[in-house]
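Asks:
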Amino acid sequence: MDFDLSDEQKQLVETVQSFVKKQSPLSRLRALREDPTGWSRDAWRQMGELGWISISLPESVGGLGGSFIDAALILEQLGTTLVPEPMIPTLTAAAAIVRAGTEEQATRLLAPALAGEGSLALAAAEAQSRFDVADVATKAERAGSGYRITGEKVWVLNGHAADTIVVSARTAGGPRDREGISLFAVDRNAPGLEVQPVKTMDSHHAGLLRFKGVEVGEEQRLGAEGGALAALEYAADLGAAAACAEGLGVINTALQMTVEYLKTREQFGVKIGSFQALQHRAVDMFIEAELCRSMMILAALKVADADEEERKTAISAAKVQLAWGGRQVTQQAIQLHGGVGVTDEHDIALYFKRMHVLNALFGDEDTHLTRYARSPLFTANVGA
Amino acid sequence: MDFDLSDEQKQLVETVQSFVKKQSPLSRLRALREDPTGWSRDAWRQMGELGWISISLPESVGGLGGSFIDAALILEQLGTTLVPEPMIPTLTAAAAIVRAGTEEQATRLLAPALAGEGSLALAAAEAQSRFDVADVATKAERAGSGYRITGEKVWVLNGHAADTIVVSARTAGGPRDREGISLFAVDRNAPGLEVQPVKTMDSHHAGLLRFKGVEVGEEQRLGAEGGALAALEYAADLGAAAACAEGLGVINTALQMTVEYLKTREQFGVKIGSFQALQHRAVDMFIEAELCRSMMILAALKVADADEEERKTAISAAKVQLAWGGRQVTQQAIQLHGGVGVTDEHDIALYFKRMHVLNALFGDEDTHLTRYARSPLFTANVGA
Amino acid sequence: MDLSFSPEHLAFREEVRAFIASAMPPSLMTKAAADSHFEHDEVMEWHKILHRKGWVAPHWPAEVGGSSLDVTSRFILSEELELAGAPALSPFGLVMVGPLIIQFGTPEQKKRFLPRILSGEEVWCQGYSEPNAGSDLASLKTRAEDDGKGNFVVTGQKTWTTYAQYADWIFCLVRTDASAKKQSGISFLLIDLKTPGVTVKPFLTSGGTPAFSETFFEGAVVPKENLVGPLNGGWTLAKALLGHERTLIAAVGASIRAIRKVKRIAARTQKDGRPLLEDPLFRAKIARLEIKLRGLQMANYRAIAGAQLGRAPGPESSILKIRGSEIQQQCYELAMEAMGLASMSWFNEPGVVHPEEQWVPSLFNYLRATTIYGGTNEIQKNIIAKLILGIPDR
Amino acid sequence: MDLSFSPEHLAFREEVRAFIASAMPPSLMTKAAADSHFEHDEVMEWHKILHRKGWVAPHWPAEVGGSSLDVTSRFILSEELELAGAPALSPFGLVMVGPLIIQFGTPEQKKRFLPRILSGEEVWCQGYSEPNAGSDLASLKTRAEDDGKGNFVVTGQKTWTTYAQYADWIFCLVRTDASAKKQSGISFLLIDLKTPGVTVKPFLTSGGTPAFSETFFEGAVVPKENLVGPLNGGWTLAKALLGHERTLIAAVGASIRAIRKVKRIAARTQKDGRPLLEDPLFRAKIARLEIKLRGLQMANYRAIAGAQLGRAPGPESSILKIRGSEIQQQCYELAMEAMGLASMSWFNEPGVVHPEEQWVPSLFNYLRATTIYGGTNEIQKNIIAKLILGIPDR
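Line by line, the protein sequences are chains A, B, C and D.
Letter 49 of the first sequence, counting from 1, is numbered 49 in UniProt numbering, and no numbers are missing.
Letter 174 of the second sequence, counting from 1, is numbered 174 in UniProt numbering, and no numbers are missing.
Letter 147 of the third sequence, counting from 1, is numbered 147 in UniProt numbering, and no numbers are missing.
Letter 282 of the fourth sequence, counting from 1, is numbered 282 in UniProt numbering, and no numbers are missing.
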């Protein structure tokens, strides 16, 4: 057992800390709120050059071969100033490509994104699917040597701006069947693909994607026809772990801002931190934040676990803790800030909003609680 | 709308307050802990003479014709010193008798209990039934001109001491069928009835009842054969409302004891009530207690509601609030009392225990939450 | 004891429902159905409709243009308005400064101000809080100095002057005696927002609505006749306001409506191929919240029944603000949960989410304010500990 | 970063398991399986078995009879003992006074006391709290006066002297300088319970077990050589005790075991004709608690990994007591809920409830103590606010 960072990891964290402090304070998010992309291509290119996008991908597909922990450390720091660049959408789409596709496909499709020249999106959610990636109504029907994709994907992170979109579509089976789901890499300019940009609460943007008979070739299919669910679930789990990592940055920042406020704000002639009821509230926030850190580490370590149920239960447990803890911490952060906490001018409200979005992404609290409770591991080892 | 007590009701409350103060302080419960009955026949007779047992029963069966509110007011006061006499078991069994049986049966069977000369018990729960009174495995088979009852009833309140036991048994149908359940009034000395006395956490006693071919006559059946479920559900709901009423007395006493302790106990040279975190905890207890009072009133008013769903949802809502609020208040009462709170010597632990029992009786929190959520009323009036 | 309303009150409830159904313009009706945000003009349109019916200020005495409705009828009126999703009228004139003028004002002040509050001709806002005087209101610094010519000269800054940009007048707590300690040097002053030296600067709530403003006073000259109550006696007025009916603050009607909305969202949202409303966990969550709300409603009924008998608010009413505000928040947390990914939506064009879900994310954010404004819930708990439980401070 | 144990540690875990399975007498094994209450004799029987193996005090230095096990191995040992439901050894000698004597005692004291603690020949109890000195320990009043003949004369009353009726010795904080303020006049004294003037009066916990005692001192004569550390320096020793390893206090192993029990109860309990374990609401409750516990376990692992590297306990360890105690309570609340009506059972004869449910109601009650003893959770939060978050007092 070892929870220390290596020297390389410590240096990595320092680099990201320096980046967010000097080049990406929260004001950058505010400045980009009305921008139609919502993030900066320059900043993204820089993140690519620093190796942050490729850090946890295998060397065989152009990555740096690190573990997901490295990506998690970066995401945590990016969460501290709510950096808006599309790390999570790109990493999740890349995970699907690497897990489902061939090395050749992965190397080719990932290259622009890893360099920070392009970006990716994973189009999995549909109006009726809620958080079940197996609930796919979008169809890919055989057409000539390829397929024709018809259907609608909703709330696709970075769907408004991605160059390549990984889309799940049903090549066989009925609704929610675990077999019959295929993945395709689609170019954003493909004829028949309509992208409606939408705004999200966290000052980000996303896309509603309508596939109106989009034609794709055989070579755009990632992996065996109809057998993509495992890769898709892996990608969603990696996305959930990434949301936990960024969420931890959000949570700790909200905690720190609140503790700082308690130490400086005066009412009734004293610092409000001298009121015991508020002190204990801050301690409750601290406890949740510590548990979130513990569970984020667990999730990040288990993303790569070969045992699928081990991975799923660990990530579901972490997502439940981060959702619960994140909600407690950011709600209380607003309450302890008082009136200024409910203004758009004060940053604390932005942390509250981002936390809500991270909690919803890749499965909300009850979805993961239920998945955890239904795992075979839950009832294993019960005997005396 | 009127939530004031009538002059008669105010006088009733004062009489019970005076009784618990002068004749039945908590020390009486302690003194009776090791007694095999656990309650006093003299005290019970007095309660009968005062009309407390008969107050809310119809005049046609020998009662005083009051509403259930009157009984609830008495129970609330009895809860303040944890009076151990079998009010709840007698009232629930009486409710089943009155609702299911004929006036002649009710008048005859109730007479000794209403006078405080005898007492009753309702034997409904079985090992597998949890809180579902329709889950009846005990059988009553036709035998000559009567029936032969075979089966086992568990945790029968006052089952160790009651003179007459109202027992549910299946005359037709399979497990959990809503039809085919009959009620019988059985004498405690009936051949084949084995009573195993058991102790309960709240210093009360109860009975595990084994019916080994107990023979009963046609005239002991209450109501039509196989049609007793409605009466049984009514009796259980009345029991739940009674538990809420007594629970309110428990809750308010625990709150008062705690507030008093905060005002008198000194640590660090000050009254511990001066610590804001503890003050707010006491306020949280107070809020729950106030909501419990509101919901107890609702339950008591709705016991007699002719609309079965109105009755069930109101009583389930009240039981959920009392269980939740009662647990919060008594847990915090112990916490704020500190070390003395976890000793057997201090009374606060006895209130905690009685609250747990009241919460379990006639359906625990989740049982009532689920019943509430499944009611047709829950999804009525949802349209704009 | 009796939980039912009298036949007269039941008839009044029907009258209110019928009136709303017939009197509310279709444009407002559509927005009400979707719990949309009402613009100021729309609120005032509805104000004037209610005014014609005599229902804008039913809690005012009849002789100053209120009504002769009893407490229960007033409650029924407000509950039905909430249940219908009607625009909430601006409370600053009708509920706050109006009653204070009625209680403490001169005959001239009553004549000057009350009719225009009723008619909606003059809109009010509240100038209590300052950047450094929030929970500790008595530490306010805005000062009003006697210019010796029959005026006060007002200098300072107020914040949370909600919707000041639409208001004509502001009522302020100002410091009129700098040497006096805290509460004792404060007066209650009415200020025309058109007065030179007064500037209103709106800013956004975290819900994205322009509900908040800061109001700056730079030597604004205010005639002395705009002082309400005694000089340096403003704190008494501020406290009197807190003593008024609290049965509305529980917002039971709004929360009943919100829970119905949660159920509708859950009924049309799919989970595992079935309506989310049939999911045992989610359904139990709604049920638990509805039960909490039912407890609050019963506590509210008890408070109303007491007020109907002319009693001072009892212990049951002190909990209404705390629990009412928490439940309002929880309703919208559940609505967001039901919406799933769509809960991320932020001021998108129509069609992106269902019409009645359009404003949910904004309200989810804004409603965090309910446990803060009107005295934070922490301050409320301090008060209950001291005044109701009798627990002494250190 | 690495979550896995080293091969050596995994092998050690197997060794511990094998030892427990082979060394625990069948009578204890049966009780352990049912989480029964162990009598004092049974605890001491197990103490002696572990002593023979050299595992009673693995955290003591090897030279005084401890072990050379590293932090992780010690953790594994304690976790496996908890998971097996083995009798918990009395901590007063092994975990409390022993380490203090090792750190502050004279060579004579070490020689006199340590071997008998290890062997179990002498059993200890703790004399800290007094009726009016609970959270505010420094206000203790029991006084030890110099008789000028090489002794202290001790007068006063201690409470919560857990299992003093089975103990041979008590370690006490006593006031040796009545004129000094609070902490500064306190000394740490070892007292033989057989000393004339010492009386032990056991009383019941709310769980119905005789775990608590009051101990009275009426002019008990105690030789001065029983003073540990400097005269009037007892507060330093009391604080040193708090600084020791806190990874055991989380009771993760006990809670893992408790949750397994909850699942077993729910698996054999029927609800609506199906096992309660398949009820979505109840199952979700267990899952939520298990997830909380997993978070605590991870925090505990982080604390252990830090201690293994010789670091002082970090922020993660400060939460272990608070969360660990809450989770212990919640496990038994769920067990009681699963038991349904049977949860009312109180010390009934065998067969009334399932053997492993027999002690659940007692523990449900007794475990309310976990958030109180060892410094209430409120005191813990005061400490975290001050020392970790750096929020100053008024």
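Don't be surprised by glycine CBs; every beta carbon is placed ideally from N, CA and C.
1. In this structure, how does DSSP classify N151 (chain C) when only helix, strand and coil are distinguished?
2. Residues of chain B with a CB under 8 Å from the CB of H356 (chain A): which are they?
3. Using only CA atoms, which one of A:A304, A:L298 and A:L336 lies nearest to M320 (chain A)?
4. With 8 Å as the C-beta to C-beta threshold (strictly closer), list the residues of the region 69–82 of chain C near chain B in chain order.
5. By the 7 Å beta-carbon criterion, what residues does the region 166–199 of chain A contribute toward chain D?
6. Quick check: the Cα distance between G134 (chain D) and G127 (chain D), rounded to an integer number of angstroms?
7. What is the C-beta distance between I181 (chain A) and R170 (chain A), in whole angstroms, given that I count them as a contact (C-beta under 8 Å)?
8. Using a Cβ-Cβ cut-off of less than 7 Å, give me the residues of the region 271–285 of chain C that come near chain D, in sequence order.
9. Alpha carbon to alpha carbon, what distance is there between E225 (chain A) and A94 (chain A)?
10. Run through DSSP, which three-state label would I149 (chain B) get?
11. According to DSSP, is F364 (chain C) helix, strand or coil?
12. Taking V198 (chain A) as the reference, which of C:T72, C:S6, C:T176 and C:Q358 has the closest Cα?
13. By the three-class DSSP mapping on this structure, what secondary structure does R274 (chain D) have?
14. Looking only at its own chain, which residues have a Cβ that is under 7 Å from the Cβ of V154 (chain A), when we skip the five neighbours before and after it?
15. Quick check: the Cα distance between D364 (chain A) and M285 (chain A), rounded to an integer number of angstroms?
16. Pull up the distance between the alpha-carbon of P7 (chain C) and that of R13 (chain C), whole angstroms please.
17. Hey, how far is the Cα of F19 (chain A) from the Cα of Q328 (chain A)?
18. Report the residues of the region 161–175 of chain D with a CB closer than 8 Å to any CB of chain A, ordered along the chain.
19. Taking the CB atoms as reference points, tell me whether A282 (chain B) and A72 (chain B) lie closer together than 7 Å.
20. Below 8 Å CB to CB, which residues in the same chain sit around A138 (chain D) once its five sequence neighbours on both sides are set aside?
21. Whose CA, out of C:K285, C:H51 and C:S4, lies closest to the CA of I76 (chain C)?
22. Quick check on DSSP: helix, strand or coil for Q331 (chain A)?
23. Who are the Cβ neighbours of H9 (chain D) in its own chain at under 7 Å, not counting the five residues just before and after it?
24. Could you tell me whether the Cβ atoms of H368 (chain A) and S294 (chain A) are closer together than 7 Å?
25. Among C:E63, C:L83 and C:P115, whose alpha-carbon lies nearest the alpha-carbon of K48 (chain C)?
26. I'd like the list of long-range same chain contacts for S325 (chain D), defined as Cβ closer than 6 Å, with 5 residues on each side in sequence excluded.
27. Looking at chain B, is there any beta carbon in it that lies within less than 7 Å of the beta carbon of V222 (chain D)?
28. What number of angstroms, rounded off, separates the C-alpha of R175 (chain C) from the C-alpha of K141 (chain C)?
29. Using a C-beta to C-beta distance shorter than 7 Å, which residues of chain A count as neighbours of F275 (chain B)?
30. Using a C-beta cutoff of 7 Å, does A251 (chain C) count as contacting chain G?
31. My guess is that I251 (chain A) and G151 (chain A) are in contact by the Cβ rule of under 8 Å, so how many angstroms apart are they, rounded?
32. Between which residues of its own chain and V83 (chain B) is the CB-CB distance below 7 Å, once the five residues before and five after are set aside?
33. Could you check which residue in D:E349, D:P313, D:A220 and D:V64 has the C-alpha nearest to that of N151 (chain D)?
34. Measure the CB-CB distance between L232 (chain B) and S274 (chain B) and report whether it falls below 7 Å.
35. Note down the Cα distance separating H337 (chain A) from A86 (chain D), rounded to an integer number of angstroms.
36. Run through DSSP, which three-state label would A384 (chain B) get?
Replies: From the atom records:
1. strand
2. Within 8 Å Cβ-Cβ: nothing; H356 (chain A) doesn't reach chain B, min ~25 Å.
3. Residue identity check: residue 320 (chain A) is Val in the sequence provided, not Met. Nearest C-alpha to V320 (chain A): A:L298.
4. T72
5. none
6. 12 Å
7. 6 Å
8. P280, L281 and A284
9. 19 Å
10. strand
11. helix
12. C:Q358
13. strand
14. A125, E126, A127 and L208
15. 20 Å
16. 10 Å
17. 28 Å
18. none
19. no
20. K182, Q183, I186 and W235
21. C:S4
22. helix
23. T72, S73 and I76
24. no
25. C:P115
26. T370 and T371
27. no
28. 6 Å
29. Q276
30. Of the protein chains in the structure, A, B, C and D, none is chain G.
31. Rounded, the Cβ-Cβ distance is 36 Å, inconsistent with contact.
32. V20 and S24
33. D:A220
34. no
35. 49 Å
36. At A384 (chain B), the pLDDT of 47 sits below 50, so the modelled position is not reliable; the number obtained from the coordinates is stated separately. Here A384 (chain B) sits in coil by DSSP.
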